[in-house]
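Heads up, the final residue of the sequence shown is numbered 779 in the numbering used here, and it's a clean run with no missing numbers. Structure first, commentary second.
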Amino acid sequence: MLAYVRLSCGLKRHSTCDRWISAVGEHSCGHKADGERKLSLRVTKCEQTTCPYRTMKITTRWRVRHLLCVLLMFFFLGIFFLSTSPQLGVPSGIPHMSLDRIKIAFRTTEIPKILHASTAPAVVGPTDPPYIGDKYAQEDSFPQRVCQDSIRQKVAGTIFEPKILPRIPVLQWHKHFSPEEYRRLQNYPGSHGWGEVDYQILAASLTLLNTTANGLMFDDWESRANGSSCIRCAVVGNGGILRGSKMGREIDQHHYVFRTNAAVIRGFEEDVGLRTSIYTFSTNTMRNSILSTANHEGPPKSEETRYVFIPDHDQDYVLVKAAVKDTPVEKGRERGEMASKYFGPNVTARKLKMYHPDFIRYLRNRFLRSPILKTSYWNLFRPSTGAVMLLAALHTCDQVSAYGFMTPDYQKYSNHYYDRTFQTVQFFSNHDYRMELKLWQELHENKLIRLYMR
């Protein structure tokens with residue numbers, strides 16, 4: 326950068342006088358400008374008295390050139406620092422940029438001011454930008470149950486009643502795929518649509534999810550109901566509040582146990598339990614968890630475990646295809662790997678599920694409509710993986726108990742229950758944890774979930 330500035334000004338140092346001059350070539354004193362690139366205004370005594378530059382005065386023209394040099398240097402330095410600023414370095418206005426291709430640099434232990442928003446019912450209307458898209462597909466039918474103490478019964482009269490769409494498709498499978506749907510969902514990037522997914526990749530994956538089990542969160546309910554009319558779910562986050570909680574046995578007594586990302590169990594069984602029925606993740610969050618978490622061996626592997634993808638980008642669809650067909654992954658960072666590395670040797674299409682992009686967009690628009698959506702980070706923002714998991718349980722279970730989620734006293738606890746040393750909670754620009762915290766409190770106060778707190 327500095328070399329470019331000096332070159333553009335044409336300044337050369339007289340080799341004998343150790344002085345910066347603007348002349349180029351051989352001078353009358355017989356000395357040549359050596360072209361050395363050293364920024365200095367040093368003037369030393371000229372040892373050769375015959376040199377005409379010994380008594381040379383710095384002319385007005387030289388002063389102007391020097392001033393221009395300094396200004397250009399600061400100009401380019403300014404551009405350099407702006408381009409590497411943590412808060413300005415994230416590309417803006419790019420609707421088709423996947424999360425795994427952008428490093429989220431905005432990171433702090435303080436709650437950003439932009440996150441001080443209420444979770445009051447979202448106001449949607451004709452003034453919304455196109456990427457909001459508050460219109461969704463609807464299921465023709467949904468499972469009918471007779472639980473008298475279900476969330477569906479309790480939601481009436483609460484602030485959440487106008488938010489909830491009972492027929493929103495939670496999962497996507499082959500029946501949701503068509504050219505018409507592809508054109509509609511092409512308008513929305515990331516996990517909120519199919520805007521970043523190649524048509525052929527999408528078709529090759531969703532057509533493999535072609536059994537009713539792929540469209541049901543609890544495809545084995547009839548075999549495990551054991552006379553119960555209400556589906557009871559434990560949704561387990563990874564928050565530090567669980568360390569020392571001794572909630573493990575209580576968690577395992579639910580019909581279904583939801584977990585996400587690292588979900589470390591070994592060594593923490595007494596606090597977090599042993600079972601995993603529903604594992605929520607994206608290919609990106611799964612990979613990051615494996616790389617960044619000690620003692621994490623990948624997703625849980627058991628006969629009851631179902632794997633539910635958040636489709637952040639086309640790599641999730643590619644991994645689904647590889648898992649169902651038991652072939653190597655065709656592209657991406659996992660290229661050449663067998664899906665059994667992540668899901669075990671006995672994974673089948675029945676055990677794989679994928680959230681519908683309409684459902685992810687609906688959660689964002691109706692439950693977590695963050696002010697971040699009005700900033701240059703809008704195309705990066707989505708509900709956190711844990712939030713998607715908990716809100717999916719809210720829409721599919723009859724009774725929900727949530728463990729390991731952020732509570733108002735979160736600063737007392739390490740970021741994760743499995744942290745080896747205390748780690749403060751970090752806030753990122755692609756999630757709104759403060760809004761999620763408030764949402765969990767409101768759901769708990771309205772008796773729609775039971776939130777574990779100390």
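Quick reminder that beta carbons are idealized off the backbone N, C-alpha and C, glycines included.
How many Å lie between residue i and residue j at the Cα?
i    : j    : result
S443 : L762 : Model confidence at S443 stands at a pLDDT of 39, short of 50, so the residue's coordinates are unreliable; what they give is reported in the following sentence. Rounded to whole angstroms, S443 to L762 spans 11 angstroms at the Cα level.
L693 : L396 : 46 angstroms
S417 : P514 : Low confidence applies to S417: its pLDDT is 35, below 50, so where it sits in the model is not reliable enough to give any reading.
Q736 : D523 : 43 angstroms
H741 : F399 : 44 angstroms
R660 : Q751 : 31 angstroms
I775 : K650 : A small correction: the amino acid at residue 775 is Arg; Ile does not occupy that position in the sequence shown. Distance between the alpha carbons of R775 and K650 is about 40 angstroms.
I457 : W765 : 23 angstroms
T732 : C394 : 55 angstroms
E796 : P670 : Nothing can be reported for residue 796: it is not among the residues displayed for the chain, which extend from 326 to 779.
T746 : N613 : 19 angstroms
T483 : L773 : 9 angstroms
M778 : K656 : 43 angstroms
F753 : D723 : 32 angstroms
S553 : S475 : 12 angstroms
E280 : A647 : No answer is possible for residue 280: the residues shown for the chain start at 326 and end at 779.
F485 : L719 : 11 angstroms
G540 : F634 : 13 angstroms
I615 : R390 : 56 angstroms
K699 : M760 : 15 angstroms
E628 : V471 : 28 angstroms
H769 : T749 : 25 angstroms
I427 : E464 : With a pLDDT of only 33 at I427, under 50, the local geometry of the prediction cannot be trusted, and the value read off the model is given with reservation. Between I427 and E464, the C-alpha separation is close to 34 angstroms.
I576 : G598 : 6 angstroms
M663 : V672 : 11 angstroms
D453 : N512 : 14 angstroms
S466 : P487 : 20 angstroms
G569 : P708 : 28 angstroms
N755 : L677 : 26 angstroms
K626 : G565 : 23 angstroms
Y507 : S516 : 14 angstroms
R591 : S503 : 43 angstroms
S665 : A619 : 21 angstroms
A538 : T532 : 14 angstroms
L527 : R509 : 14 angstroms
T477 : S726 : Reading the sequence as shown, one finds Arg at residue 477 and not Thr. Roughly 15 angstroms between the two C-alpha positions.
F593 : S617 : 18 angstroms
R574 : P653 : 38 angstroms
V480 : P491 : 11 angstroms
Q640 : N704 : 18 angstroms
R658 : Q473 : 47 angstroms
P455 : I697 : 16 angstroms
C555 : D545 : 14 angstroms
Contact defined as beta carbons within less than 8 angstroms: I believe residue i pairs with residue j. What is the distance between those atoms, to the nearest angstrom?
i    : j    : result
F730 : L715 : 7 angstroms
V495 : F706 : That belief does not hold up - the Cβ atoms of V495 and F706 are roughly 21 angstroms apart, past 8 angstroms.
Y461 : I493 : 6 angstroms
T585 : A674 : The pair is not a contact, with the Cβ atoms about 22 angstroms apart (cut-off 8 angstroms).
P624 : Y667 : 6 angstroms
Assuming contact is defined by CB atoms lying nearer than 7 angstroms, are residue i and residue j in contact in what I supplied?
i    : j    : result
L567 : T608 : no
Y728 : M542 : no
M679 : Q497 : yes
Y702 : S530 : no
H579 : A559 : yes
T605 : V582 : no
G518 : P636 : no
H291 : A587 : Outside the shown range of the chain (326 to 779) lies residue 291, about which nothing can therefore be said.
Y743 : V589 : yes
L534 : H501 : no
D596 : S695 : no
N557 : I603 : It is worth fixing the name first, because residue 557 is Arg in this sequence and not Asn. No.
D459 : N771 : no
G711 : G562 : yes
Which residues share a DSSP beta bridge with residue i?
i    : result
F747 : In DSSP, F747 forms no bridge with anything.
M679 : F634
S726 : A559 and R775
C697 : In the sequence as presented, Cys is not what sits at residue 697; that position holds Ile. None; I697 has no bridge partner.
M663 : P653
L496 : Y680
I603 : F583 and R631
When the cut-off is 7 angstroms and only beta carbons count, does residue i lie next to chain D?
i    : result
R549 : Considering every chain present, this structure includes no chain D. It has just one protein chain.
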